[in-house]
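At position 114 of the sequence shown the residue is numbered 114 (UniProt numbering), and the sequence of numbers has no breaks. A short write-up of the structure that comes next.
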Amino acid sequence: MNADVIQQVKEIFAQIEGQTAVLQAATGLNCPAGCGRCCENPEVETTVLEMIPLALELWQRGEALEWLSRSQAVENRGPCVFYQPDPFVPGNGRCSVYEFRPSLCRLFAFATVTNKQGKPELAACIRHKEMMPETVAQTKAAIADGLPAPNFAEISIQLAMLDPSGIERFPINQALTLALQRVGLIAQLTGDGGE
């Protein structure tokens, strides 16, 4: 895996963070405190490419084999193995690798889709719609008036341009497994070690 490509993935992640911060500051749209409902979804998918920075970090920390075992133990299905649910409040929880989460996790509830008229439209989270409908409506109006917001398709295209072979989406735990295996194999072949 080319170090430049990995750096570019990280730069796209930073771009998303910046765009999301601007949107949040301008509108007040934020996740409810402690909410982790989106992380409980067993259908979350991502690309192997987006999991490579995390896989590298796990190999460097000496934790790769532990997480590989965990992802394989759930047969690569179910909610993300990095999600830590709050044992006392259903629906609350946190990501244990927040800094390294893939684009979908960064974009969810704060990004746009392109509507039938070719205009960006907020893809609001159901929790946002239920708990802060006025803020969602104001955010949608602000985006319609030109407030910039990240767009799911545009981010996907940026990532695909980095590595066209890496655009296939997998369940998040399977993408993690494949990324860990790929980084481990490259480390073995190049003599960089691993665990």
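Positions of the beta carbon are idealized from the N, C-alpha and C atoms, including for glycine. Just so we're clear, the structure is a prediction, and the values are computed from it rather than from any experiment.
DSSP state of residue i mapped onto helix, strand, coil
| i | result |
| --- | --- |
| Val113 | strand |
| Gly194 | Confidence at Gly194 is low in this model, with a pLDDT of 49, below 50, so its placement is unreliable and the value that follows should be read with caution. Coil at Gly194, not helix or strand. |
| residue 222 | Since the first residue of the chain shown is 1 and the last is 195, residue 222 is not available in this structure. |
| Asn92 | strand |
| Pro133 | helix |
| Leu147 | coil |
| Glu11 | helix |
Buried versus exposed, by CB contacts within 10 Å (16 or more), residue i
| i | result |
| --- | --- |
| Phe82 | buried |
| Asn115 | exposed |
| Glu50 | buried |
| Phe88 | exposed |
| Gln174 | buried |
| Ser96 | exposed |
| Leu189 | exposed |
| Gly166 | buried |
| Ile12 | buried |
| Arg61 | exposed |
| Arg101 | buried |
Minimum C-alpha distance to residue i - residue among the options
| i | options | result |
| --- | --- | --- |
| Gly91 | Leu180, Pro32, Val97 and Gln174 | Pro32 |
| Val113 | Pro150, Ala64 and Ser71 | Pro150 |
| Gln8 | Trp59, Asp163 and Leu178 | Asp163 |
| Gly18 | Glu168, Gln181, Phe110 and Gln174 | Phe110 |
| Glu45 | Leu185, Tyr98 and Ile172 | Ile172 |
| Leu56 | Lys10, Val136 and Ile157 | Lys10 |
| Met132 | Pro85, Thr27 and Gln60 | Thr27 |
| Ala142 | Gly184, Ala25 and Leu58 | Ala25 |
| Ala64 | Tyr98, Thr139 and Gly184 | Gly184 |
| Gly36 | Pro85, Arg61, Gly62 and Ala144 | Pro85 |
| Cys118 | Ile186, Glu154, Thr135 and Gln138 | Correcting the residue identity first, residue 118 is Gly in this sequence and not Cys. If we check each option's Cα against that of Gly118, Glu154 comes out closest. |
| Val5 | Gly34, Val48 and Pro42 | Val48 |
| Tyr98 | Arg169, Ala14 and Glu130 | Ala14 |
Inter-residue CB distance, residue i and residue j (contact presumed, cutoff 8 Å)
| i | j | result |
| --- | --- | --- |
| Leu104 | Leu180 | Going by Cβ atoms, the distance from Leu104 to Leu180 rounds to 19 Å, so no, they are not a contact pair. |
| Cys125 | Cys80 | Between Cys80 and Cys125 the Cβ distance is about 17 Å, and since that is not below 8 Å, they are no contact. |
| Leu147 | Leu23 | 7 Å |
| Leu107 | Phe152 | 6 Å |
| His128 | Leu29 | 7 Å |
* Asked: Considering only residues of the segment 13 to 72, which uninterrupted alpha helix (DSSP H) runs meet the minimum length of 4 residues and lie entirely inside it, listed in chain order?
  -> Taking 4 residues as the minimum length, the alpha helix (DSSP H) runs contained wholly in the segment 13 to 72 are 48 to 61, in order along the chain.
* Go through the segment 152 to 189 residue by residue and report every complete run of the beta strand (DSSP E) that reaches 3 residues or more, in order. => For the segment 152 to 189, whole beta strand (DSSP E) runs of length 3 or above, ordered along the chain, are 169 to 171.
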